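In the working numbering, the protein residues as written are 144 to 317.
Here it is as structure tokens:
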């Protein structure tokens, strides 16, 4: 008679023992976390004692006034920075102003820098711009460029923008 090997039985018993150990470990971990969580004296959220009636709840955002919207049809220059003590600052140009024309020439026809470069330091130019929802014309006396005194200087940094943009602005405060 042949002797049967006990190796397969030992392997099956080992696998069952490992599975039982995994299940027991998961169960004991869940029990331990439940016991630790039940010892917390205060819950993180306390429910209100009374029901909230929806029509008495105030909105989170206050009522907004009617904010005018403008459409800027042609390309323009959006002022992103104004240099201190510059001709632009002296004339009252502010960050966010929309420059549409210089001396009647649209920014669409050429860049703002090219329109300013047609002049000399000391020249007086008229800038047509929009601030918030109102259009303005302001006069600026060009200064000398700090890097090249022979070139005119307005003293702004701007971004060329395409036309057809819609923007909402707060009402003009000045």
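Note that the Cβ used here is the ideal one computed from N, Cα and C, for glycine as well. No experiment lies behind these values; they were computed from the predicted model shown.
Task: Range of the contiguous alpha helix (DSSP H) that encloses residue 167 - done: Within the chain shown, numbered from 1, the residue matching residue 167 stands at position 24. Looking at the DSSP string, the run of the alpha helix (DSSP H) that includes residue 167 is 150-181.
Task: Run of the alpha helix (DSSP H) containing residue 255, from where it starts to where it stops - done: For the purposes of this step, residue 255 is taken as residue 112 along the chain shown, with counting starting at 1. 255-260 is the span of the alpha helix (DSSP H), which, as asked, contains residue 255.
Task: Neighbourhood of residue 241 by C-beta, 7 angstroms cutoff - its chain only, sequence neighbours within 5 removed - done: Within the chain shown, the letter at position 98 stands for residue 241. Cβ within range, chain order: 215, 219, 221, 272 and 273.
Task: Cβ neighbour criterion (16 or more within 10 Å) applied to residue 297 - done: The residue labelled residue 297 in the question sits at position 154 within the chain shown. Answer is buried; the Cβ neighbour count reaches 16.
Task: Of the residues 305, 147 and 299, the one placed nearest residue 225, counting alpha carbons only - done: Working through the chain shown from its first residue, we reach residue 225 at position 82. The residue with the shortest Cα to Cα distance from residue 225 is 299.
TODO: Report all residues from its chain with a CB closer than 7 angstroms to the CB of residue 165; omit the five preceding and five following residues, and keep chain order.
DONE: Within the chain shown, residue 165 is the residue found at index 22, counting from 1. Non-local beta-carbon contacts of residue 165 in its own chain, meaning distances under 7 angstroms to residues more than five positions away in sequence, are absent.
Open item on the list: So residue 287 and residue 234 are supposed to be a Cβ contact under 8 angstroms. How far apart are they, rounded?
Closed with: The residue labelled residue 287 in the question sits at position 144 within the chain shown. The residue labelled residue 234 in the question sits at position 91 within the chain shown. Contact doesn't hold; Cβ gap of about 16 angstroms is too wide.
Task: Straight-line Cα distance separating residue 217 from residue 280 - done: Here the question's residue 280 lines up with position 137 in the chain shown. Here the question's residue 217 lines up with position 74 in the chain shown. Taking the straight line joining both Cα atoms gives about 17 angstroms.
TODO: Report yes if the C-beta distance between residue 264 and residue 292 is below 9 angstroms; otherwise report no.
DONE: To locate residue 264, count along the chain shown from 1; it is residue 121. To locate residue 292, count along the chain shown from 1; it is residue 149. Yes; because the gap between Cβ atoms is below 9 angstroms, this pair is in contact.
Task: Exposed unless 16 or more other CB atoms sit within 10 angstroms - verdict on residue 301 - done: For the purposes of this step, residue 301 is identified with residue 158 of the chain shown, where counting begins at 1. The residue is buried, with at least 16 neighbouring Cβ atoms inside 10 Å.
Task: Residues near residue 284 by beta carbon distance below 7 angstroms, same chain, minus five either side - done: To locate residue 284, count along the chain shown from 1; it is residue 141. Cβ neighbours of residue 284 beyond the five flanking positions: 230, 265 and 267.
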